[in-house]
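Student: Protein sequences appear in the order of chains A and B.
For what it's worth, the working numbering labels the leading residue of the first sequence as 6, then goes sequentially.
For what it's worth, the working numbering labels the leading residue of the second sequence as 2, then goes sequentially.
Have a look at this one before I ask anything.
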Amino acid sequence: MIKVTNLWKYFDNVAVIEDITVSFHKGMTNLIIGQSGSGKTVLLKCIMGLLEAEKGNILYDGQDFIKMDSAKKQLLRKEMGVLFQGGALFDSLTVEENIMFPLNMFTKYSKEEKLERVNFCLNRVNLGKVNKLYPSELSGGMKKRVAIARAIANNPKYLFCDEPNSGLDPKTAIVIDKLIKEITEEYNITTIINTHDMNSVMEIGARVAFIHQGKLWWEGSNNDILFSSNKELNSFVYASELLKKLK
Amino acid sequence: MKFFFHIGRYFDLLGKVLSVPEKFSIFRKQVIVEIDNLGIDSLGIVAIISVFIGAVATIQTAFNTDHPLLPDYAVGFATRQMLILEFSPTMIALILAGKVGSRIASEIGSMRVTEQIDALEAMGVNSASYLILPKIIAAVFINPFLVIISIFLGLCGGWLVSKFTDVLPISHYMSGILLEFSQYDITYALIKTVVFAFLITTISGYFGYYTKGGALDVGNSSTKAVVFSSIFIIFFNLVLTQILLA
């Protein structure tokens with residue numbers, strides 16, 4: 006479980022995250038939703054430690070990440086898997102080498118064991134025979150799958166996904182969403198997904214936190230969203246004319 | 002103020018870069034790859050430029066020192082000294098600042114804007130050390146060899162001019178390049194080369210590492226890397242010459 010309490014983050018003396026307190030549960034797909042520029046990526050990066058928050062606490066299973074020394078932070082990061090918006094696969098490495106990367110860095114597995122793990126992860130994301138391909142030779146959806154495979158290669162306890170289905174067609178996007186949900190439940194991972202895609206919210210949003218203007222505006226499940234009376238949340242959820250009519 | 006900000010951040014980055022590699026087996030492989038990318042790949046351009054500069058330097062010196070009181074072997078002597086003391090260590094460093102520096106900055110800059118560096122950090126890898134340290138070690142190791150090759154090929158360029166033109170007799174050229182040879186000159190050239198290799202890789206790494214934005218910014222970082230590497234090479238050339246030869 007990851008618990009964020011009273012978190013503040015400033016850029017040039019302007020608060021982009023204001024006093025956010027929110028919990029992300031184990032074995033569940035926790036979604037952070039909000040408009041572009043609402044601060045959800047900054048919040049996710051603060052939680053991952055890629056940005057330093059000015060105030061507040063981030064507790065990883067009770068351990069305060071902000072107060073940890075850099076050595077402990079490095080150790081904790083080895084338990085994180087991250088899926089970036091563009092996949093962030095290493096261009097110079099093949100698919101196999103990309104997935105093997107965390108294993109090479111942090112484990113003492115033999116070459117055979119590493120290869121076995123790579124193939125297991127690739128099968129888990131329903132990809133085969135792509136081991137020797139380079140990221141530039143893959144489609145958008147395949148890149149996302151490889152990135153998921155790399156993220157889960159080292160058995161992470163925490164999985165962070167920044168807009169995992171951006172740039173994908175709706176069908177592939179749902180496949181990726183479902184895959185993340187399955188992996189989260191199967192390995193009992195604390196997963197946080199940053200998205201503004203309402204299809205994802207309705208499909209996999211076990212817990213949803215709505216961020217608006219840097220503040221936590223609403224919290225609940227995907228079913229609760231439909232019945233919420235929160236004005237800002239409704240204007241975000243029912244942004245299109247079609248959805249307004251449907252509501 | 003901005004200058005001091007960059008200096009401070011540069012040394013902060015150096016602090017992160019100059020740390021013990023997380024896995025030596027991976028580090029060793031990276032260094033070998035970088036020796037190939039930064040050194041072996043530069044051999045062609047270094048060779049071509051050195052031969053031609055050596056040849057031109059011989060012709061220029063011969064024409065400009067055409068005086069009854071100056072012996073012919075002074076041409077060989079001047080060519081050798083020019084190649085060892087200035088051309089090979091400094092000019093080759095400037096050429097490498099353009100070739101290698103832009104490569105380093107654009108490679109690391111592209112990794113920054115495509116979140117590959119964030120991915121490394123999120124995995125718990127010291128990205129600065131992982132990306133920049135192998136390049137520093139590779140350049141510091143391979144550049145002295147490039148400079149030695151450059152000196153040799155530059156002298157060969159002069160030899161070719163003596164052999165195939167009537168600028169000066171080849172025997173005079175050979176006695177000139179063997180005249181009062183001091184090993185310290187080579188030491189001086191190699192010290193400069195090592196310092197310049199460090200400057201090129203760290204300054205270019207710095208601009209690449211702190212790239213923000215998109216493709217245009219990667220191009221800007223690459224340009225800044227070449228410009229600032231060149232400026233610092235020229236500046237440190239003066240400082241080192243004063244310290245080592247004065």
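We put the CB at the ideal spot given by N, CA and C, even for glycine.
Taking the alpha helix (DSSP H) that K14 of chain A falls in, what are its first and last residues?
Tutor: Per DSSP, K14 of chain A belongs to no alpha helix (DSSP H); it is in the beta strand (DSSP E), 7 to 16.
Student: Is K24 of chain B close to chain A? Criterion is C-beta to C-beta, closer than 8 Å.
Tutor: True, the Cβ-Cβ gap to chain A drops below 8 Å.
Student: Within the 8 Å Cβ cut-off, does V87 of chain A reach chain B?
Tutor: By this cut-off, V87 of chain A is an interface position.
Student: Would you call the CB atoms of L108 of chain A and K119 of chain A closer than 8 Å?
Tutor: Yes.
Student: Identify the continuous beta strand (DSSP E) that holds K60 of chain A and give its terminal residues.
Tutor: Segment 60 to 65, the beta strand (DSSP E) holding K60 of chain A.
Student: Against G125 of chain B, what residues of chain A qualify as contacts under a CB-to-CB distance less than 9 Å, listed in chain order?
Tutor: Simply K78, Q79, L80, L81, R82, K83, E84, M85, P107, M110, F111.
Student: Is it buried or exposed, S67 of chain A, if we count other Cβ atoms within 10 angstroms and call 16 or more buried?
Tutor: In the sequence under discussion, the amino acid at residue 67 of chain A is Gly, which differs from the Ser named in the question. With fewer than 16 other Cβ atoms within 10 Å, it is exposed.
Student: Does the beta carbon of A58 of chain A come closer than 8 Å to any beta carbon on chain B?
Tutor: Not an interface residue.
Student: Output the distance between the C-alpha atoms of L184 of chain A and N35 of chain A, rounded to the nearest integer angstrom.
Tutor: Roughly 14 Å separates the two Cα atoms.
Student: So I201 of chain B and L97 of chain B are in contact, right, with Cβ under 8 Å, and what is the actual spacing, rounded?
Tutor: Contact flag correct, Cβ pair sits at about 6 Å.
Student: Can you pull the chain A residues whose beta carbon is under 7 Å from the beta carbon of D117 of chain B, in chain order?
Tutor: Asp is not the amino acid found at residue 117 of chain B; the sequence shown has Gln there. Per Cβ cutoff of 7 Å: A93, F95.
Student: Whose C-beta lies closer than 6 Å to the C-beta of S107 of chain B among residues of the same chain, with five residues either side of it excluded?
Tutor: For S107 of chain B, where only same-chain residues beyond five positions count, the Cβ hits under 6 Å are V219, S223.
Student: Does the beta-carbon distance from G77 of chain B to S151 of chain B come in below 8 Å?
Tutor: Their beta carbons are not under 8 Å apart, which means G77 of chain B does not touch S151 of chain B by this criterion.
Student: Against chain B, with Cβ distances strictly below 8 Å, would M53 of chain A count as a contact?
Tutor: Yes, M53 of chain A counts as interfacial toward chain B.
Student: Around the Cβ of T200 of chain A, are there at least 16 other Cβ atoms within 10 angstroms (buried) or fewer (exposed)?
Tutor: Buried, because 16 or more other Cβ atoms sit within 10 Å of the Cβ of T200 of chain A.
Student: Please classify Q184 of chain B as buried or exposed, where buried requires at least 16 neighbouring CB atoms within 10 angstroms.
Tutor: The residue in question, Q184 of chain B, is exposed, as its Cβ has fewer than 16 Cβ neighbours within 10 Å.
Student: Strictly below 8 Å CB to CB, what residues from chain B border Q90 of chain A?
Tutor: Ordered by position in chain B, the residues that pass the 8 Å Cβ test against Q90 of chain A are E116.
Student: Using three-state DSSP, classify A247 of chain B as helix, strand or coil.
Tutor: A247 of chain B falls in the coil class under three-state DSSP.
Student: What are the start and end residues of the beta strand (DSSP E) that includes K220 of chain A?
Tutor: Element bounds for K220 of chain A: 220 to 225.
Student: Using a Cβ-Cβ cutoff of 7 Å, what residues of the stretch 24 to 52 of chain B are near chain A? List them in chain order.
Tutor: Cβ contacts with chain A come from K24, I27.
Student: Using 10 angstroms around the beta-carbon of L39 of chain B, count the other beta-carbons present and answer buried if the total reaches 16, otherwise exposed.
Tutor: Burial call: buried.
Student: Going along the chain, which residues of its own chain have a beta-carbon closer than 7 Å to the beta-carbon of A129 of chain B, five neighbours each way excluded?
Tutor: Answer for A129 of chain B: L14, K17, V18, Y210, listed in chain order.
Student: Does the stretch 124 to 139 of chain B come close enough to the stretch 25 to 36 of chain B that 3 or more CB-CB pairs lie under 8 Å?
Tutor: With the cut-off at 8 Å, the stretch 25 to 36 of chain B and the stretch 124 to 139 of chain B touch.
Student: Taking E116 of chain B as part of the alpha helix (DSSP H), name the residues at either end of that continuous run.
Tutor: From DSSP, E116 of chain B is part of no alpha helix (DSSP H); its letter is neither H nor E.
Student: Locate the beta strand (DSSP E) running through L164 of chain A, then write down its first and last residues.
Tutor: Taken as a continuous stretch (DSSP letters only), the beta strand (DSSP E) holding L164 of chain A covers 163 to 167.
Student: Check whether chain A comes within 8 Å of A120 of chain B, counting only Cβ atoms and requiring the distance to be less than that.
Tutor: It does: the Cβ of A120 of chain B has a partner Cβ on chain A nearer than 8 Å.
Student: Please confirm whether A123 of chain B and M85 of chain A have their CB atoms less than 8 Å apart.
Tutor: In this structure, M85 of chain A lies closer than 8 Å to A123 of chain B by Cβ.
Student: Assuming L64 of chain A and I7 of chain A make a contact with CB atoms under 8 Å, what is their CB distance in whole Å?
Tutor: Correct: roughly 7 Å between the Cβ atoms.
Student: What does the Cβ neighbour count give for N204 of chain A, buried or exposed, with the cut at 16 atoms within 10 Å?
Tutor: With fewer than 16 other Cβ atoms within 10 Å, it is exposed.
Student: Am I right that C166 of chain A and T195 of chain A are in contact with their C-beta atoms under 8 Å? What's the rounded C-beta distance?
Tutor: Wrong, their Cβ atoms sit about 12 Å apart, outside the cutoff.
Student: So H217 of chain A is in the alpha helix (DSSP H); what residue range does that whole segment cover?
Tutor: Counting along the chain, H217 of chain A falls outside any alpha helix (DSSP H), though it belongs to the beta strand (DSSP E) covering 212 to 217.
Student: Give a yes or no on contact between the stretch 77 to 93 of chain A and the stretch 137 to 154 of chain A, applying the rule of three or more CB pairs nearer than 8 Å.
Tutor: As far as the Cβ criterion goes, the stretch 77 to 93 of chain A touches the stretch 137 to 154 of chain A, which means the pair count is three or higher.
Student: Residue range of the beta strand (DSSP E) that E23 of chain A falls in?
Tutor: Element bounds for E23 of chain A: 19 to 29.
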